Amino acid sequence: MKIHIIGGPGSGKTYLANQLAKELAIPHYDLDDLQWDNQANDYGTKRDSKERDELLRQILTQSDWIIEGVYYAWCGQCFEEADRIYLLQVPRRKYRYRIIRRFIRRKLGLEKGKKETFKSLSDLLKWADKFQAKNLPEIQKLLEKYREKVVFQ
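Under my numbering, the first residue of the sequence shown is numbered -13, with each subsequent residue one higher.
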């Protein structure tokens, strides 16, 4: 089974991916781990696109996978190869609440995560609003050709 989960920040992508990975006993990959260099000293350092694309290619060669993330411009092959695509859409108040709750939990050491700052939190909240307004309609249009395998949640 090959599953791609896409949605904005705070939409529940990781939660759904973890649940499905456990239920189906298949590996789960977060596209953030391909896009961002988590070993860098600074938060928000992007990985080289060639390295990112090679990492994605390696994942796609596997017989089963769950891939989740907000990215779509460089993920065409993911959509093509996926057996099922989940598009997660949640109301603004819900995704903003989830983003802030996750930030607090990470700061308190209750949840593993990236090296976020208050500025990165603010930037993410703004970006999430932009994603909902601009990127989500683009994604919906992109996924029209895969409608038989898209699940809207």
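The beta carbon of each residue, even a glycine, is placed where N, CA and C say it ideally should be.
Here the structure is a predicted model, which is why all the values come from computation and not from measurement.
query: Cα-Cα separation between R33 and R43, rounded to whole angstroms; result: 15 Å
query: DSSP three-state assignment for I(-11), whether helix, strand or coil; result: strand
query: L96 - DSSP class collapsed to helix/strand/coil; result: coil
query: Nearest-angstrom beta carbon gap, Q139 and Y58 [assumed within contact, 8 Å]; result: With a Cβ gap of about 17 Å, Y58 and Q139 do not count as contacting.
query: Distance, E54 Cα to L17 Cα; result: 6 Å
query: Three-state secondary structure (DSSP) of E130; result: helix
query: Exposure label - N121; buried when at least 16 CB within 10 Å; result: buried
query: C-beta contact flag for I(-11) and L74 at 9 Å; result: no
query: Neighbourhood of F89 by C-beta distance below 7 Å, restricted to the same chain and skipping five residues each side; result: E102 and L107
query: Rounded distance between the beta-carbons of R82 and G(-4), thought under 8 Å; result: 7 Å
query: Secondary structure of G(-6), DSSP reduced to three states; result: coil
query: Alpha-carbon to alpha-carbon, K105 and A7; result: 32 Å
query: Euclidean distance between Cα positions of L96 and D39; result: 32 Å
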